[in-house]
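**Student:** Once you've had a glance at the structure underneath, I'll fire off some questions.
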Amino acid sequence: MKFIKNSKLSIIISVIVSLSSCSSTGTSSFNSGYKSGYSKSESLKYYPPVALDVLIPVFNGGIEKLTDEDLKNFSDIRRAESIHFAVKLKNKIKKRKIFVNPKVMPSARAFSDIYVFGEIIKSNGRDLELKILFEDAQGKEIKVRKNKLIKTYKGNGRYKLKCNEKCRNNFKSNPRLIGKSPFDLIFNDIAQNLEIAVSKRSAKNLYQVQKTKELRFARFIAPEKFNNYLETKKGKKNRLTHNLIYEPDATDPMFIRSNAVRLRESVFIDDSQQYIEDHVYNQKFLTQYRNWLDQNANALEAKEKADSAKTAAVIGGILSIAVAAYGASEGNSDLAATGAVSSAVLFKQAEKYGAEAKMYADAIDELNIDINSSAASRNIEIENLIFEARGSIENQFEEFSNFLRRVYFQETLPVDNTTNY
73 MKFIKNSKLS IIISVIVSLS SCSSTGTSSF NSGYKSGYSK SESLKYYPPV
123 ALDVLIPVFN GGIEKLTDED LKNFSDIRRA ESIHFAVKLK NKIKKRKIFV
173 NPKVMPSARA FSDIYVFGEI IKSNGRDLEL KILFEDAQGK EIKVRKNKLI
223 KTYKGNGRYK LKCNEKCRNN FKSNPRLIGK SPFDLIFNDI AQNLEIAVSK
273 RSAKNLYQVQ KTKELRFARF IAPEKFNNYL ETKKGKKNRL THNLIYEPDA
323 TDPMFIRSNA VRLRESVFID DSQQYIEDHV YNQKFLTQYR NWLDQNANAL
373 EAKEKADSAK TAAVIGGILS IAVAAYGASE GNSDLAATGA VSSAVLFKQA
423 EKYGAEAKMY ADAIDELNID INSSAASRNI EIENLIFEAR GSIENQFEEF
473 SNFLRRVYFQ ETLPVDNTTN Y
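Converting from the sequence shown to our numbering requires adding 72 to each position, the first position being numbered 1.
Below you can see the structure in the form of structure tokens.
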């Protein structure tokens, strides 16, 4: 009978341990490293057969999907991150020198060969998850396949990386990593995936993409002349697709002129980049943001440990009852009490870290990082026509686009233009 009792007790303990293990889920994480698995193919970089430019609209911050509590505490963080991540990706793409002068703008209204759309799914200091879509000027997705060399890509446009406490401490103590971010790896992987995806396209297709971009601008400037060169219709998920019907003659003076005017748009966007970067590349923001990342991650992990200790306390209570029921000796009676005390301490730690994270979030809120705020005024003179840029970058760009229509219909286009700030 004693053997039977012990067997039953063993079964109870096994079930409890099993339940305890089910209370946590495992995810892949970077414990301490800062490396990309793509290094094997670095010497075999791809260069497109035609020069392709890249536009990155400010990321969707995912604010509408936040919980009420997170919305109250961290909506300003997400707004800042939506700019910060877009600029960070731009600089990663630019550094690799595969595509022409990538740019960030508040929206996708500007004309480009390639668009990179981003959405922030999760960002809490420990976990970063982004959803990324590559799209060409024809409105067609540039599809990405899973590649075991791209570590953070999980398929379906999603990139994930987890940096636990050991990982974060390594970035603070390792001289080679100080000042860097573990999440840079995600942006490297996105840039490399873009190259891989574009490399699957034929030279003919990429040429047509470039011509489609040029004709979309020409149609915007002079619709009565260029409307029939493209067929535009709704594609998947109500996105517009633009199919090239035929090309204008290379010597068509109106098309040549349209392309010349389009360069003015590129100059305007180039001149806007410094203003956009200044939002998130000033020392005040970077210092407060790094502090928020660190403290929010600490708060998250402390709360998870507290929840685990609380669960352990409950299991300890069940175990004590089971031991008493089957006449086992003492030695487990304090398990529940110890777990409860540990849980209380950890919850207190979590509250402390959370309060500090909120303090840094409030400091970022005070910086008023908003892409829709008024930018510096500027006057732009082209062919004796003067454009007075006022308001937000988005408003300035929209008005400048309309201004370019007037420039297009001037009799001559000067070689030089004067920009005054």
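For glycine and all other residues, C-beta sits at the position ideal for the given N, C-alpha and C.
SER344: which of ALA275, ALA447, ASN363 sits nearest, CA to CA?
**Tutor:** Within the sequence shown, the letter at position 272 stands for residue 344. The shortest C-alpha separation from SER344 is found at ALA447.
**Student:** Between the Cα of ILE192 and those of ASP437, PHE357, PHE157, spot the shortest distance and give me the residue it belongs to.
**Tutor:** If you number the sequence shown from 1, residue 192 lands on position 120. Taking only the C-alpha atoms, the option nearest ILE192 is PHE157.
**Student:** Work out the CA separation of ARG291 and PHE298 for me, nearest whole Å.
**Tutor:** For the purposes of this step, residue 298 is taken as residue 226 along the sequence shown, with counting starting at 1. For the purposes of this step, residue 291 is taken as residue 219 along the sequence shown, with counting starting at 1. If I take the Cα positions, the gap works out to 5 Å.
**Student:** If we count Cβ pairs, one from each stretch, closer than 8 Å, do we get three or more for the region 120-134 versus the region 166-181?
**Tutor:** Yes: the two stretches touch, three or more of their Cβ pairs being nearer than 8 Å.
**Student:** Could you tell me how far apart the beta carbons of PHE206 and LEU161 are, in whole angstroms, since I believe they sit closer than 8 Å?
**Tutor:** As a first step, residue 206 is located in the sequence shown; it is residue number 134 there, counting from the start. As a first step, residue 161 is located in the sequence shown; it is residue number 89 there, counting from the start. Contact doesn't hold; Cβ gap of about 12 Å is too wide.
**Student:** In three-state DSSP terms, what is GLY426?
**Tutor:** As a working note, residue 426 is residue 354 in the sequence shown. Three-state result, GLY426: helix.
**Student:** So for PRO129, helix, strand or coil by DSSP?
**Tutor:** Sequence index remark: in the sequence shown, residue 129 carries index 57 (1-based). Note: PRO129 maps to strand in three-state DSSP.
**Student:** Would PRO121 and VAL270 qualify as a contact pair, given that the criterion is a beta-carbon distance under 8 Å?
**Tutor:** Looking up residue 121 in the sequence shown gives position 49. Looking up residue 270 in the sequence shown gives position 198. Cβ distance not < 8 Å, so PRO121 and VAL270 don't count as in contact.
**Student:** Hey, quick one: how far does the beta strand (DSSP E) through THR313 stretch, first residue to last?
**Tutor:** For the purposes of this step, residue 313 is identified with residue 241 of the sequence shown, where counting begins at 1. Looking at the DSSP string, the run of the beta strand (DSSP E) that includes THR313 is 312-316.
**Student:** Assess contact between the region 457-474 and the region 333-352, defined as three or more Cβ pairs (one per stretch) separated by less than 8 Å. Is contact present?
**Tutor:** Yes, since at least three Cβ pairs between the region 457-474 and the region 333-352 fall closer than 8 Å, the two stretches touch.
**Student:** Across which residues does DSSP place GLU460 in a beta bridge pair?
**Tutor:** Taking the first residue of the sequence shown as 1, we reach residue 460 at position 388. According to DSSP, which records beta bridges pairwise, GLU460 is partnered with ASN451.
**Student:** Please report the distance separating the alpha-carbon of ALA332 from that of PRO325.
**Tutor:** Mapped onto the sequence shown, residue 332 falls at position 260. Mapped onto the sequence shown, residue 325 falls at position 253. Those two C-alpha atoms are separated by around 10 Å.
**Student:** Is ILE328 buried or exposed, if buried means 16 or more other CB atoms sit within 10 Å of its CB?
**Tutor:** Counting from one through the sequence shown, the residue named residue 328 turns up at place 256. Its Cβ having fewer than 16 others within 10 Å, ILE328 is exposed.
**Student:** Taking buried to mean at least 16 other C-beta atoms within 10 Å of its own C-beta, is PRO295 buried or exposed?
**Tutor:** Taking the sequence shown and counting its residues from 1, one reaches residue 295 at position 223. Counting Cβ neighbours within 10 Å, PRO295 comes out exposed, since fewer than 16 surround it.
**Student:** Which residues does DSSP pair with LYS203 in a beta bridge?
**Tutor:** Translated into the one-based positions of the sequence shown, residue 203 becomes position 131. According to DSSP, LYS203 bridges with GLU191, ARG230.
**Student:** Run through the DSSP bridge pairs and tell me what LEU138 is partnered with.
**Tutor:** As a working mapping, residue 138 is identified with position 66 in the sequence shown. LEU138 pairs with nothing; no bridge assigned.
**Student:** With DSSP collapsed to three states, give me the class of ASP256.
**Tutor:** Here residue 256 corresponds to residue number 184 of the sequence shown, with the count starting at 1. Note: ASP256 maps to helix in three-state DSSP.
**Student:** Alpha carbon to alpha carbon, how far is SER179 from ILE170?
**Tutor:** Position 107 of the sequence shown, counting from 1, holds the residue named residue 179. Position 98 of the sequence shown, counting from 1, holds the residue named residue 170. Approximately 23 Å between the Cα atoms of the pair.
**Student:** Could you spell out the range, first to last residue, of the beta strand (DSSP E) harbouring LYS175?
**Tutor:** Numbered from 1 along the sequence shown, position 103 holds the residue referred to as residue 175. From DSSP, the beta strand (DSSP E) with LYS175 extends over 172-177.
**Student:** First and last residue of the alpha helix (DSSP H) that includes GLU237?
**Tutor:** As a first step, residue 237 is located in the sequence shown; it is residue number 165 there, counting from the start. Where GLU237 is concerned, the enclosing alpha helix (DSSP H) stretches over 237-245.
**Student:** Going by DSSP in three states, ASP434 sits in which element: helix, strand or coil?
**Tutor:** For the purposes of this step, residue 434 is taken as the residue at position 362 of the sequence shown. Correct three-state label for ASP434: helix.
**Student:** With a threshold of 16 other CB atoms inside 10 Å of the CB of ASP434, please say whether the residue is buried or exposed.
**Tutor:** Here residue 434 refers to the residue found at position 362 when the sequence shown is read from its first residue. Exposed, because fewer than 16 other Cβ atoms sit within 10 Å of the Cβ of ASP434.
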